[in-house]
Amino acid sequence: MSTNLSKQDPTGDSQVGTTPEVTGTPSADTARRRIGSTLVRNGLLMLLAFVGIALLLETLSPFRVSQLGVMAYYLPAIAGLTVLTGLNGQISLGHGALMAVGGYTTAVLLERQEGLPFLLVLLISAVVAGVVGLVVGAAAARLHGPYLAGATLALAVGLPGLALKFDEFLGGDQGLRVSPPRAPDGIESFYESLMGDNLSGQRYLAYYGWIIALVVLLLLSNLVNSRYGRHWRAVRDDEVAAELAGIDLGRMRVQAFVVSAVCAGVGGSLLAVVTRLIAPTSVTIVLSFGLLTAIVIGGLGSLLGAVIGAAVLVFMQQIITDTGLDAGLDASQAANIAPLVYGVLLIVVMLAAPRGLVGTVRMAWSTRAAARRAGA
Amino acid sequence: MEKFLNITLSGLTVGFIYAAFALCLVLIFRATRLINFGQGAQAMFTTYIALELINRGASYWIGLLAALVSGFVIGGLVERFVVRPVETGPEINAVIVTLGVFIFFVALAAVVFGNTFESFPSAFSLTGLQVGGLDLALTRNELYNIAAVLIALVLLTLLFQFTSLGLRMRAAAFGQEVARLLGVRVGQMLTLGWALAGLFGSLAGILIAGGTLVSPNYMDGVVVFGFVAAVLGGLDSFIGAVVGGLVLGLTNSYVSGYAGQELITLGALAILIVVLLLKPGGLFASSVARRV
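Chains as they are written, first to last, in numbering that gives the first Met the number 0: chain A, 0 to 375; chain B, 0 to 291.
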């Protein structure tokens with residue numbers, strides 16, 4: 000599946016700390032054609048990816064299916080974060096908190112407004128997270144580097160406090176239970192006639208999550224390839240040059256933050272639905288660190304890297320937690336080996352291969368290609 | 000009135016500890032222009048080392064000493080082996096690395112010492128003092144906290160202002176190239192600066208823990224408060240850090256006393272944003288504010 004997606008990532012070539020390639024200015028006509036073809040190409044890739052995911056969901060064990068469901072809710076948030084950090088140069092530790100905003104909105108809406116279509120709930124959750132993102136982003140636009148990290152860290156540490164303060168409404172420590180969506184009758188009967196089998200609730204949720212996640216990836220991949228993406232990268236690489244070119248720095252930063260927050264809100268909404276619960280314990284600071292680790296492993300700014308990072312996060316977490324339990328640790332100790340590894344990975348990747356997996360592999364390829372050309 | 004007085008008093012005592020923590024961040028920022036987000040986690044880890052010793056029968060003071068020494072060592076090691084390689088790279092890489100240090104130590108403490116709440120002994124009595132028939136929320140232990148921070152502050156000032164080592168450290172922080180030309184071992188000075196910050200952070204960690212419960216996450220809030228306090232003071236001023244710490248301690252105390260304990264971190268976030276929007280260089284910044 001990862002090879003399917005490799006071509007649709009148009010941005011991994013410019014990593015943090017490198018300057019982007021200089022492209023000529025194509026005429027408006029060719030630009031339009033190019034965007035059109037990008038959309039079509041990415042759409043086809045997403046369809047292929049969907050077929051691949053469907054094959055996996057149909058053949059894997061229920062446990063693996065549930066893991067894929069978890070990956071589906073990480074994916075939008077990670078993709079949004081990698082766009083923000085990798086392409087716009089803004090670091091955020093607040094994405095766990097923004098996921099909480101999306102998740103709590105979903106939970107509250109489902110609890111109080113029974114019968115609302117899930118897609119609508121998801122959209123509202125994304126919008127609410129986007130509004131919070133607008134407020135944070137407006138402040139963040141004037142901050143940089145460590146200041147931004149500190150401010151968003153405060154958000155991540157502080158926001159769960161709201162759930163405790165308004166415990167009548169937001170469920171306090173216990174959080175809110177979420178009744179997961181049932182497949183609409185039409186889809187259920189279609190699935191039955193196609194597969195000759197019942198669509199289990201868990202499998203439906205995994206499908207639901209992945210379709211949303213792929214749509215988010217599709218939209219993001221087009222966005223980063225557009226004028227907006229170029230402006231965001233310009234702001235990251237050279238503030239003065241971007242400003243001279245007529246780009247409004249603050250506006251671009253806020254835009255990137257809002258887009259990224261909307262993605263986190265979608266992820267949070269999926270999290271609430273897939274895990275059937277939203278509570279302060281499900282959106283701790285460790286979640287934000289997990290998201291950061293995923294984008295660092297995959298390679299900052301790369302959507303393919305975001306997919307790889309999400310996969311590593313989900314499957315590695317299970318493997319190392321199991322290893323810890325086998326080694327005789329108790330459940331809560333074993334659960335902390337994963338964040339321990341996050342810490343080690345954040346440090347080691349940054350010291351050894353700051354471009355992450357995708358960036359490093361791509362570098363090696365282009366170096367080899369250049370060497371071959373020089374030799375020939 | 001008594002409530003207000005007591006809230007103010009406890010705000011001031013907590014403020015001194017935030018100030019101590021903010022001072023470590025300033026110490027590091029002056030030397031390397033970095034924020035060490037791992038500072039709180041390092042301090043938490045050394046507090047656990049002290050607790051482990053105390054639980055095995057050592058006295059509070061032995062525990063304190065062990066924490067300070069291990070804080071010094073950890074701080075130096077982190078600078079030399081983790082931060083040094085990214086010091087010259089993009090700013091964001093260094094931020095990510097110190098965040099890695101943060102989560103590493105928090106998780107390590109949870110794995111090694113268990114992810115539970117444990118009570119940490121206090122050095123002195125925790126009953127409130129009585130002054131002229133008024134029950135104050137000020138305890139002997141809190142007086143000890145204030146005294147400890149002040150003594151450490153004086154020692155630090157003496158070191159920086161009146162010793163040759165302090166002069167070399169200031170030179171290294173002021174201009175690496177020039178200092179190197181004049182024969183200062185800049186690398187050693189940076190490591191020493193981080194080690195001192197680690198020591199100071201450990202002191203703050205132990206003082207905060209005294210008489211309360213500790214868990215691997217107990218410093219998370221303090222990291223935020225120390226950071227806000229340091230930014231409030233302009234990040235490169237020692238006096239600014241102390242004032243910032245006190246201001247933040249008071250605000251937290253009022254928010255907690257009148258609005259609710261759960262909201263103090265968001266209150267700190269609000270202060271941070273207001274300060275950065277109105278006076279990006281902090282209240283006491285000596286350097287010129289950044290343009291864009």
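C-beta atoms are modelled at their ideal positions from N, C-alpha and C, and glycine is treated no differently.
For the pair MET98/A and GLY266/A, the Cα-to-Cα distance works out to about 6 Å.
Leaving aside the five residues that flank VAL107/A on each side, the residues in its chain whose CB is nearer than 8 Å to its CB run, in chain order, PHE168, LEU169 and LEU175. Between GLN89/A and LEU147/A a beta carbon distance of about 6 Å is seen, short of the 8 Å cut, so the two are scored as contacting. With respect to chain A, the C-beta atom of THR31/B has no partner C-beta closer than 7 Å. Relative to the Cα of ALA170/B, the nearest Cα in the group VAL183/B, GLY256/B, THR162/B and LEU158/B belongs to VAL183/B.
Around the beta-carbon of PRO183/A, fewer than 16 other beta-carbon atoms lie within 10 Å, marking it exposed.
Contact between ALA293/A and TYR103/A does not hold, since the beta-carbon distance rounds to 22 Å and is not under 8 Å. At least one CB of chain A lies nearer than 7 Å to the CB of GLY259/B. Runs of alpha helix (DSSP H) with 4 or more residues, each lying fully within the region 99 to 141 of chain A, are found at 117 to 139, listed in chain order. Secondary structure in the region 26 to 94 of chain A: the alpha helix (DSSP H) runs of 4 residues or longer, each lying completely within the stretch, are 27 to 58 and 61 to 81 in chain order.
The Cβ of GLU90/B sits closer than 7 Å to at least one Cβ of chain A. Classified as buried, THR45/B has 16 or more neighbouring CB atoms from the shown chains inside 10 Å of its CB. For ASN251/B, none of the residues of chain A pass the 8 Å Cβ criterion, the least Cβ distance being about 12 Å.
Residue range 127 to 130 is occupied by the beta strand (DSSP E) that includes VAL130/B. Against chain B, the CB of TYR341/A has a partner CB under 7 Å away; the residue lies at that interface. Listed along chain B, the residues sitting closer than 8 Å to LEU291/A by beta-carbon distance are ILE95 and LEU98.
In the structure shown, the three-state DSSP call for ARG367/A is helix. Judged by pairs of C-beta atoms under 8 Å, the region 63 to 75 of chain B does not touch the region 228 to 239 of chain B, as fewer than three such pairs exist. As for any alpha helix (DSSP H) of minimum length 4 sitting wholly inside the region 194 to 270 of chain B, the runs are 219 to 231 and 237 to 257, ordered along the chain. About 5 Å separates the beta carbons of THR359/A and ALA352/A, which is inside the 8 Å limit, making them a contact pair.
For ARG354/A, the three-state secondary structure derived from DSSP is coil. Three or more Cβ pairs closer than 8 Å define a contact, and the region 241 to 254 of chain A meets that threshold against the region 137 to 147 of chain A.
Per DSSP, the unbroken alpha helix (DSSP H) holding ASN144/B starts and ends at 139 to 161. Taking 7 Å as the cut-off, the Cβ atoms of ALA172/B and ARG32/B do not count as close. Residues of chain A with a Cβ closer than 8 Å to the Cβ of ILE272/B are, in chain order, ALA138 and ALA150.
Among the residues of the region 5 to 28 of chain B, none has a Cβ less than 7 Å away from any Cβ of chain A. In terms of beta-carbon proximity, ILE346/A lines the interface with chain B, with at least one pair separated by less than 7 Å.
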